[in-house]
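Participant:
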Amino acid sequence: MVNIIWVMLTAIGIVFAMINGTINEVNEAIFNGAKEAVTLCIGLISILVFWLGMMRIAEDAGLLKKLASLFRPLVKRLFPEVPGDHPAMGYMLSNMMANMFGLGNAATPLGIKAMEELKQLNGGKNEASRSMITFLAINTSSLTLIPTTVIAIRMNYNSASPTDIVGPTLVATFCSTLAAIMIDRYFYYRRTRKG
Amino acid sequence: MEIVSAVSLWLIPILIGFILIYGTFKKVPTYESFTEGGKEGIKIAVSIIPFLVGMLVAISVFRASGALEYFMDLIRPGLDALGVPPDIVPLAIIRPISGTAALGMTSDLIAVHGPDSFIGRLASVLQGSTDTTFYVLTVYFGAVGIKKMGDALKVGLLADLAGIIASIVIVTLVFGNM
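In order, the protein sequence lines correspond to chains L and Y. Take 71 as the starting number for the first sequence in this note's numbering and just add one per residue. Take 6 as the starting number for the second sequence in this note's numbering and just add one per residue.
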């Protein structure tokens, strides 16, 4: 999918350049685009290093585990088919906490572990269970607490207030997660009514 | 809406202070832990360079050729009626498909429109409040061999749509349509 979009953007751009006579601009854009991407990534290093450093302290201090146990009662209600003390619950909670703190790399293996456990709970079948769909819905709606990368980009482009989007992002994330849960519930009831 | 702005200002310093004090209290070697975790940050920043180079070049070409403007003008009338800025549409489309591609688009929008413009802020919130549905779906289901995805894709994409709508509404409420 990305492959198609990527080729389309470039190819359509080149065709347009021929028609519009903007080939000079396009030539310039190729080199400027590449240069800008590298500059941006270098700029991202500062915040990423700082944030992931902080998060390592939080992890080593057991803060993520603590938060997970705080959220457990709430998350338990979202997954009525998963026993509260099942390892799947633990993995799902850790995955959500890691996502919340922007630790995408740590979140993925935890999420896969959770899926493995959920699959076993579902009798090892190769179809998605109700809990799996709920877990995915929550994951795709993003649980970011602090959008560090976005803040870094804004700083790079000299924003007067790079963090002023934190509050709105939190509210938007909350809304989208809530919507994800409701959409997931709706589809579940539709399935069961049919079946 | 003032609360939302206050949260923006205070959340990060308070969180950092709390983590440091809590870590010290739990006898974590804070400085060593910090530097260990920080190394990971360098790895991530460097590893996304090829993704961003590829995507930013493609978008730059698309924009410089005049193609972007052409398509924007096509969809503008319909979106204006809904209060959706057309510039955000490419980002909204690519966000569920590829995280790094979306990151490239977000930085492009911020670079072109300015970080403190309406579009710049909307792109920032959008990037932060939704996730890559296709990636999560492929990786998580692929890793454990789930073939029948059921409603998962539909639910994920609808959740993304909800996130997009929420972002537009909230950014308009907090920062106003500029």
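For each residue, glycine too, the CB sits at the ideal point set by N, CA and C.
Please list, in chain order, the chain L residues whose beta carbon lies closer than 7 angstroms to that of Y:Pro90.
Facilitator: Chain L residues near Y:Pro90: none, gap ~15 angstroms exceeds 7 angstroms.
Participant: Scan the stretch 37 to 85 of chain Y and note each continuous alpha helix (DSSP H) run of 4 residues or more that stays entirely inside, going in chain order.
Facilitator: Entirely contained in the stretch 37 to 85 of chain Y, the alpha helix (DSSP H) runs reaching 4 residues are, in chain order, 54 to 69.
Participant: Per the contact definition of three or more C-beta pairs closer than 8 angstroms, is the stretch 96 to 116 of chain Y in contact with the stretch 220 to 238 of chain L?
Facilitator: yes
Participant: Rounding to the nearest angstrom, what Cα-Cα distance links Y:Phe123 and Y:Val179 in this structure?
Facilitator: 10 angstroms
Participant: Taking only beta-carbon atoms, is L:Ala158 less than 9 angstroms away from chain Y?
Facilitator: no
Participant: In chain L, which residues lie with their C-beta within 7 angstroms of the C-beta of Y:Leu108?
Facilitator: Thr219
Participant: Within 10 angstroms of the Cβ of L:Gly263, are there 16 or more other Cβ atoms? Answer buried if so, exposed if not.
Facilitator: Correcting the residue identity first, residue 263 of chain L is Arg in this sequence and not Gly. The residue is exposed, with fewer than 16 neighbouring Cβ atoms inside 10 Å.
Participant: Y:Glu37: buried (16+ other C-beta within 10 angstroms of its C-beta) or exposed?
Facilitator: exposed
Participant: Listing by chain order, which chain L residues have their CB less than 8 angstroms from the CB of Y:Ala116?
Facilitator: Within 8 angstroms Cβ-Cβ: Glu106, Tyr227.
Participant: How about L:Ile93 and Y:Val149: do their beta carbons lie closer than 9 angstroms?
Facilitator: no
Participant: With 16 other CB atoms within 10 Å as the buried threshold, where does L:Ala99 fall?
Facilitator: buried
Participant: Check the C-beta distance from L:Val108 over to Y:Ile47 and give it rounded, since I have them as a contact under 8 angstroms.
Facilitator: Not a contact, Cβ separation roughly 14 angstroms.
Participant: Spell out whether any CB of chain Y is found under 9 angstroms from the CB atom of L:Val119.
Facilitator: yes
Participant: Within its chain, find whatever has a CB closer than 7 angstroms to the CB of L:Met163; leave out the 5 residues flanking it on each side and keep chain order.
Facilitator: The sequence shown places Leu at residue 163 of chain L, not Met. Apart from sequence neighbours up to five positions away, the residues of its chain that approach L:Leu163 with a beta-carbon distance below 7 angstroms are Ala138, Phe141, Arg142, Val145, ordered along the chain.
Participant: Answer with buried or exposed for L:Gly83, where buried requires no fewer than 16 other C-beta atoms within 10 angstroms of its C-beta.
Facilitator: buried
Participant: Exposed or buried, which one is Y:Leu79 when buried takes at least 16 other CB atoms within 10 Å?
Facilitator: exposed
Participant: Could you pull out every residue in the same chain whose Cβ sits closer than 6 angstroms to the Cβ of Y:Arg100, ignoring the five residues on either side in sequence?
Facilitator: Contacts found: Ala107, Thr135.
Participant: Tell me, please, whether the CB atom of Y:Met183 is closer than 9 angstroms to any CB atom in chain L?
Facilitator: At Y:Met183, the pLDDT of 49 sits below 50, so the modelled position is not reliable; the number obtained from the coordinates is stated separately. Chain L, which has no Cβ nearer than 9 angstroms to the Cβ of Y:Met183, makes this no.
Participant: Please report how far the alpha carbon of Y:Met110 lies from the alpha carbon of Y:Lys32, in whole angstroms.
Facilitator: 42 angstroms
Participant: Report buried or exposed for L:Pro153, applying the criterion of at least 16 other Cβ atoms within 10 angstroms of its Cβ.
Facilitator: exposed
Participant: Could you name the residues of chain Y that L:Glu186 contacts, counting a contact when the two beta carbons are closer than 9 angstroms?
Facilitator: Ala148, Val149
Participant: Ignore the nearest five residues each way along the sequence and tell me which others in Y:Gln132's own chain have a CB closer than 8 angstroms to its CB.
Facilitator: Leu96, Arg100, Ala107, Leu108, Thr111
Participant: Please state whether DSSP places Y:Lys152 in a helix, a strand or coil.
Facilitator: coil
Participant: Could you check the C-alpha separation between L:Asn165 and Y:Gly71 for me, to the nearest Å?
Facilitator: 43 angstroms
Participant: Taking the continuous alpha helix (DSSP H) assigned at Y:Arg100, which residues delimit it?
Facilitator: Run containing Y:Arg100: none; DSSP gives neither H nor E here.
Participant: With H, G and I counted as helix, E and B as strand and the rest as coil, what does DSSP make of L:Glu95?
Facilitator: helix
Participant: To the nearest angstrom, how far is the alpha carbon of L:Pro179 from that of Y:Phe39?
Facilitator: 22 angstroms
Participant: Consider the Cβ of Y:Asp85: report whether some Cβ of chain L lies at a distance smaller than 9 angstroms.
Facilitator: no
Participant: Which ranges would you report for the alpha helix (DSSP H) in the stretch 157 to 229 of chain L if only whole runs of at least 4 residues count?
Facilitator: Whole alpha helix (DSSP H) segments, 4+ residues: 157 to 170, 174 to 191, 200 to 210, 218 to 226.
Participant: Using a Cβ cut-off of 9 angstroms (strictly closer), state whether Y:Asp136 contacts chain L.
Facilitator: It does; some Cβ of chain L falls within 9 angstroms.
Participant: Could you give the first and the last residue of the continuous alpha helix (DSSP H) run that contains Y:Thr177?
Facilitator: Residues 157 to 180.
Participant: Under a Cβ-count criterion, where at least 16 other Cβ atoms within 10 Å of its own Cβ denotes burial, should L:Met88 be classed as buried or exposed?
Facilitator: exposed
Participant: So what's L:Phe149 in DSSP terms, helix, strand or just coil?
Facilitator: coil
Participant: Specify the secondary structure class of L:Ala131 as computed by DSSP and reduced to three states.
Facilitator: L:Ala131 carries a coil assignment under DSSP once its states are collapsed to helix, strand and coil.
Participant: Return the residue from the list Y:Tyr145, Y:Val174, Y:Val176, Y:Arg126 that minimises the CA-CA distance to L:Ala198.
Facilitator: When each option's Cα is compared against that of L:Ala198, the closest is Y:Tyr145.
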